[in-house]
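There are 2 protein chains.
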Amino acid sequence: MSRTHAHGASTLPTLSADTILDLLRGQGMRITRGRVAIISALLAAKAPLSLEEIRVAAGKRARQEPLDFATVYRVMETLEELKIVQKIHLGRARSHYELVDPHAHHDHLVCTDCGKVEMLDEPCPVEPLERKLRRHYGYAEVKHSLEFFGRCPDCQ
Amino acid sequence: MSRTHAHGASTLPTLSADTILDLLRGQGMRITRGRVAIISALLAAKAPLSLEEIRVAAGKRARQEPLDFATVYRVMETLEELKIVQKIHLGRARSHYELVDPHAHHDHLVCTDCGKVEMLDEPCPVEPLERKLRRHYGYAEVKHSLEFFGRCPDCQ
DNA sequence: AAATTCTTGCAAGTAATTTGCAAGAGCAAG
DNA sequence: CTTGCTCTTGCAAATTACTTGCAAGAATTT
Numbered sequence: 019m020s021r022t023h024a025h026g027a028s029t030l031p032t033l034s035a036d037t038i039l040d041l042l043r044g045q046g047m048r049i050t051r052g053r054v055a056i057i058s059a060l061l062a063a064k065a066p067l068s069l070e071e072i073r074v075a076a077g078k079r080a081r082q083e084p085l086d087f088a089t090v091y092r093v094m095e096t097l098e099e100l101k102i103v104q105k106i107h108l109g110r111a112r113s114h115y116e117l118v119d120p121h122a123h124h125d126h127l128v129c130t131d132c133g134k135v136e137m138l139d140e141p142c143p144v145e146p147l148e149r150k151l152r153r154h155y156g157y158a159e160v161k162h163s164l165e166f167f168g169r170c171p172d173c174q
Numbered sequence: 019m020s021r022t023h024a025h026g027a028s029t030l031p032t033l034s035a036d037t038i039l040d041l042l043r044g045q046g047m048r049i050t051r052g053r054v055a056i057i058s059a060l061l062a063a064k065a066p067l068s069l070e071e072i073r074v075a076a077g078k079r080a081r082q083e084p085l086d087f088a089t090v091y092r093v094m095e096t097l098e099e100l101k102i103v104q105k106i107h108l109g110r111a112r113s114h115y116e117l118v119d120p121h122a123h124h125d126h127l128v129c130t131d132c133g134k135v136e137m138l139d140e141p142c143p144v145e146p147l148e149r150k151l152r153r154h155y156g157y158a159e160v161k162h163s164l165e166f167f168g169r170c171p172d173c174q
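Those protein sequences? They're chains A and B, same order as listed.
For what it's worth, the working numbering labels the leading residue of the first sequence as 19, then goes sequentially.
For what it's worth, the working numbering labels the leading residue of the second sequence as 19, then goes sequentially.
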């Protein structure tokens, strides 16, 4: 049912459970209950999730016993290496994770009071500077992490 | 020797040990060896420092026994509450700290290989978006955290 | 279905804070 | 310049958030 051009190895496919699972298969990895549940949870997430949140969300979605924490940790570690997810820091003790959508980068707005996280639907303003870091500073594989913090209307 | 306009309560003073210590005094806090050493170390730092780095740097600068880790932790906690320093995340396990200079905001460029951190002397490109978050999103006290990651010329 | 190899759960191990508490040290008052 | 009041510090223990070792379990291949 995937609408992606499955044969074009270098084209960036649309984000879906199928394309992600295919990517895992392509790496010789196995499609397990846990991985399917985690990917499903990430796709449904409206905000970045912590490991514990992923554990709970994945369990609910798959209607199965929640996965072990270490398992979630290792699955996320793997997905991060494959650049399917990225770890982000929201000013909290725990790290949070979200899917990397190659078609739509977005930054975050975090309420410092209630902790609510909004995914910003605004054009990211740092691309030009990123280019400059490549060209004039000579850095390669430049990425960035941009988070905004403030008190949301409800918390004022 | 301070060149600041010490009487203007609301003007943002130039960053110096004196102005920072005055700020602490104003809060009824005491000027201790440790705090002086830590502030001195932060002023001299060319990059954000971890708690352990602050501990060592402060000890050297003050030519005294290094402070206890818990002490450094609590001093930095205090300085952060007073908005004199800010904690930043450089993609490592430990947090790093740096002084907040009200006159010159800067972002960071981190080498993902050797860990080198450059303080970017480029105009920060997110001010307009920050304004929009205040005006259209209704957020107050909006700040941001922007870090770039890449492989530096030496590491390629 | 059996063999092969990747994955998982459990438990133990680390790293980085974070906290409790009694001893020590600023600082104002005398 | 000593005393007293509190704020601070050092030490040690407690927490939090990962991170890893290993044997049992589950995908895939044959």
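All C-beta atoms, glycine included, are put in the ideal place defined by N, C-alpha and C.
Just so it is clear, the structure is predicted and the values come from calculations on it, not from any experiment.
Continuous alpha helix (DSSP H) stretch holding residue i: start and end
i	result
residue 72/A	69-80
residue 91/A	87-99
residue 150/A	145-153
residue 42/B	35-44
residue 103/B	First-last for residue 103/B: 103-106, but that is the beta strand (DSSP E), not the alpha helix (DSSP H).
Candidates the options: closest to residue i by CA position
i	options	result
residue 64/B	161/B, 139/B, 148/B, 155/B	139/B
residue 133/A	115/A, 168/A, 75/A	168/A
residue 124/B	163/B, 171/B, 70/B, 57/B	163/B
residue 90/B	71/B, 161/B, 150/B	71/B
residue 141/A	98/A, 107/A, 122/A	122/A
residue 101/B	33/B, 51/B, 128/B, 83/B	33/B
residue 155/B	153/A, 172/A, 157/A, 158/A	172/A
residue 97/A	151/A, 146/A, 54/A	54/A
residue 150/A	109/B, 152/B, 127/B	127/B
residue 135/B	170/B, 73/B, 153/B, 79/B	170/B
residue 131/A	174/A, 153/A, 146/A, 83/A	174/A
Endpoints, beta strand (DSSP E) assigned at residue i
i	result
residue 158/A	158-169
residue 128/B	126-129
CB contact check: residue i to chain B, cutoff 8 Å
i	result
residue 107/A	yes
residue 97/A	no
residue 68/A	no
residue 174/A	yes
residue 103/A	no
residue 155/A	yes
residue 166/A	yes
residue 31/A	no
residue 135/A	no
residue 146/A	yes
residue 71/A	no
Cα-Cα separation, residue i to residue j
i	j	result
residue 166/B	residue 59/B	25 Å
residue 85/B	residue 93/B	11 Å
residue 40/B	residue 37/A	59 Å
residue 144/B	residue 104/B	18 Å
residue 148/A	residue 46/B	44 Å
residue 23/A	residue 120/A	Because the pLDDT at residue 23/A is just 44, under 50, the model does not fix this residue reliably, and the value given afterwards should be weighed accordingly. In a straight line, the C-alpha of residue 23/A is about 15 Å away from that of residue 120/A.
residue 77/B	residue 57/B	11 Å
residue 160/B	residue 52/B	32 Å
residue 43/B	residue 81/B	24 Å
residue 49/A	residue 115/A	20 Å
residue 87/A	residue 67/A	14 Å
residue 20/A	residue 31/A	With a pLDDT of 39 at residue 20/A, under the threshold of 50, the predicted position of this residue should be treated as unreliable, though the coordinate-derived value follows. Taking the straight line from one Cα to the other gives about 10 Å.
residue 158/A	residue 129/A	33 Å
residue 35/A	residue 117/A	11 Å
residue 109/B	residue 75/B	22 Å
Contact with chain A by residue i, beta-carbon distance below 8 Å
i	result
residue 160/B	yes
residue 118/B	no
residue 132/B	no
residue 169/B	yes
residue 87/B	no
residue 143/B	yes
residue 151/B	yes
residue 127/B	yes
residue 163/B	yes
residue 83/B	no
residue 27/B	The predicted position of residue 27/B is uncertain, since its pLDDT is 46 and thus under 50; a value taken from the coordinates is nonetheless stated next. No, residue 27/B lies away from the interface with chain A (no Cβ there is under 8 Å from its Cβ).
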